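For reference, each letter of the sequence shown is one residue, going -6 to 151 in the numbering used here.
All C-beta atoms in this analysis are idealised placements derived from N, C-alpha and C, irrespective of residue type, glycine included.
Just so you know, these numbers come straight off a predicted model, no measurement behind them.
What follows is a short report on a single structure.
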Amino acid sequence: MPATLFANTERIGDALFVLIPASAAGMSYFYDDKEGTRQFIKGFSTNMAITLALKQVINKTRPDGECCDSFPSGHTSVAFQGASFIQKRYGWRYGFPAYLGATYTGYSRIAVDKHYLDDVLVGALIGIASSYYFTESANKINLSFFVAEGRYGVSISR
């Protein structure tokens, strides 16, 4: 029974690793959002370049003993890059479920002994950062928080 459970966990994580970034690219296509498509490609390419370079340089053995590309988690970085793009470009309505899927992808990599927690956390950070660097909101609404001399607030602008 546990072997079947973990097999399904891995299969679901593997599916989400493909479906989340595919959904991100698909949303740009569906909305005829050429700028969004460019931003997605830049974020995805940067994410892959950083993730693959770190895997080669760090050369960390996986928890299951397989050599040697554990750090960072590529599945997790790709899933979080897609989720972050969706959230930043199209909002939390679509981004929240994508983040849930990306989180499950990271969990699945730990559950099946493919990655350690730090592999997954750094993969998520790389994915999020690569999307946030290149992606702008399609709604052109900016939300920022501020704190100054005992005051705090929220600024919303177009």
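Three or more C-beta pairs under 8 Å: does that hold for the segment 19 to 31 against the segment 88 to 98?
no
With DSSP run on the structure shown, which of helix, strand or coil describes Arg55?
By 1-based counting over the sequence shown, the position of residue 55 is 62. Residue state, collapsed to three classes: coil.
Report the residue from Pro65, Leu110, Val11, Leu12 whose alpha carbon sits nearest the alpha carbon of Leu47.
What you label residue 47 is simply residue 54 of the sequence shown in a count that begins at 1. Closest option to Leu47, Cα to Cα, is Pro65.
Option in Ala141, Ser101, Ala76 with minimal Cα separation from Ile119
The residue labelled residue 119 in the question sits at position 126 within the sequence shown. Ile119 has its Cα closest to that of Ala76, out of Ala141, Ser101, Ala76.
Are the CB atoms of Phe10 and Phe78 nearer to each other than 8 Å?
The residue you call residue 10 lines up with position 17 of the sequence shown. The residue you call residue 78 lines up with position 85 of the sequence shown. In this structure, Phe10 sits away from Phe78, with a CB-CB distance that is not shorter than 8 Å.
Tyr92, DSSP secondary structure in three states
Taking the sequence shown and counting its residues from 1, one reaches residue 92 at position 99. Reduced to three states, the DSSP call for Tyr92 is helix.
Three-way DSSP call (helix, strand, coil) for Asp25 in this model
As a working mapping, residue 25 is identified with position 32 in the sequence shown. Here Asp25 sits in coil by DSSP.
Top-ranked residue by Cα proximity to Phe127, from Ala18, Phe37, Gly6, Ile13:
Along the sequence shown, read from residue 1 onward, the residue named residue 127 stands at position 134. The residue with the shortest Cα to Cα distance from Phe127 is Phe37.
Given Met20, which residues of its chain have a CB within under 8 Å of its CB, disregarding the five upstream and five downstream residues?
Walking along the sequence shown from the start, residue 20 turns up at place 27. Around Met20: Asp26, Gly29, Ile79, Arg82, Tyr83, Tyr87.
Contacts around Tyr22, its chain only, beta-carbon distance under 8 Å, and the 5 residues preceding and following it disregarded:
If you number the sequence shown from 1, residue 22 lands on position 29. Answer for Tyr22: Thr30, listed in chain order.
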